[in-house]
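Student: Quick one: structure below, then a few questions.
Residue numbers (full-length UniProt numbering): 1 to 187.
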């Protein structure tokens with residue numbers, strides 16, 4: 001007599017030539033799930049920028065940044081290449097007129113030992129910010145579209161990233177490569 005562990009148990013046979021409905025379901029659903037996960041991953045990990053985050057909106061009122069301090073600003077530094085800033089030193093900005101809708105100002109500098117001045121006309125505008133990944137409109141302007149009075153230079157767009165409204169403002173230069181900024185230090 002055989003022991004129970006020696007007895008052969010009957011195993012059901014599977015016809016491997018036909019795919020089961022479960023296999024078909026897995027193959028049909030996999031591309032859909034992959035696409036959904038890829039989209040949610042990319043949305044969740046999109047670039048975070050301080051100028052588009054809700055907790056920094058209170059530090060991004062461009063009119064307030066320019067109205068609470070003197071009319072004279074030093075350009076402390078920048079991290080982008082621009083042909084019109086090559087060989088310039090002692091760069092400062094002088095605000096001529098300021099309203100809640102824009103400002104006229106001049107860029108003053110020394111280049112090759114000579115003083116120079118470029119006059120600008122600027123219009124304020126607002127960009128969207130994110131609140132829990134949902135676009136929101138701002139109550140106050142945070143950006144500046146500036147063009148030269150002479151029309152000689154390409155217009156520029158600046159977005160206020162942060163201002164302490166006392167000593168310093170940091171701007172993103174929108175035409176230049178990602179991550180660019182310029183810092184204005186109040187005199």
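From the three backbone atoms N, C-alpha and C, an ideal C-beta is built for every residue, glycine too.
Predicted, not measured: the structure shown is a model, and the values here were computed from it.
1) Does the beta-carbon distance from residue 163 to residue 52 come in below 8 Å?
2) Please report how far the alpha carbon of residue 101 lies from the alpha carbon of residue 125, in whole angstroms.
3) At what residues does the alpha helix (DSSP H) containing residue 146 begin and finish?
4) Comparing C-alpha positions only, which one of 150, 173, 144 and 155 sits nearest to residue 62?
5) Find the nearest neighbour of residue 113 within the set 157, 77 and 89, judged by alpha-carbon distance.
6) Please report how far the alpha carbon of residue 135 lies from the alpha carbon of residue 59, in whole angstroms.
7) Using alpha carbons as the reference points, say which of 159, 155 and 70 lies closest to residue 98.
8) Let me check one thing: in DSSP terms, what residues is residue 138 bridge-paired to?
9) According to DSSP, is residue 42 helix, strand or coil?
10) Give the secondary structure of residue 60 by DSSP, where H, G and I count as helix, E and B as strand, and everything else as coil.
Tutor: The relevant details are as follows:
1) Within the chain shown, residue 163 is the residue found at index 163, counting from 1. Within the chain shown, residue 52 is the residue found at index 52, counting from 1. No, the Cβ-Cβ distance between residue 163 and residue 52 is not below 8 Å.
2) The residue you call residue 101 lines up with position 101 of the chain shown. The residue you call residue 125 lines up with position 125 of the chain shown. When rounded, the distance between both Cα atoms is 8 Å.
3) In the chain shown, counting from the first residue as 1, residue 146 sits at position 146. Taken as a continuous stretch (DSSP letters only), residue 146 belongs to no alpha helix (DSSP H), being part of the beta strand (DSSP E) at 143 to 148.
4) By one-based count along the chain shown, residue 62 stands at place 62. Nearest of 150, 173, 144 and 155 to residue 62, Cα basis: 144.
5) Working through the chain shown from its first residue, we reach residue 113 at position 113. Ranking the options by Cα distance to residue 113, first place goes to 89.
6) In the chain shown, the residue the question calls residue 135 occupies position 135. In the chain shown, the residue the question calls residue 59 occupies position 59. Looking at the two C-alpha atoms, the distance is approximately 18 Å.
7) By one-based count along the chain shown, residue 98 stands at place 98. Residue 98 has its Cα closest to that of 70, out of 159, 155 and 70.
8) To locate residue 138, count along the chain shown from 1; it is residue 138. In the DSSP secondary-structure assignment, residue 138 is not bridged to any residue.
9) In the chain shown, residue 42 corresponds to position 42, counting from 1. Legend: pLDDT at residue 42 = 47, less than 50; position of this residue unreliable, value from coordinates given subsequently. In the structure shown, residue 42 sits in a helix (DSSP, three-state: H, G or I).
10) Here residue 60 refers to the residue found at position 60 of the chain shown. Residue 60 falls in the coil class under three-state DSSP.
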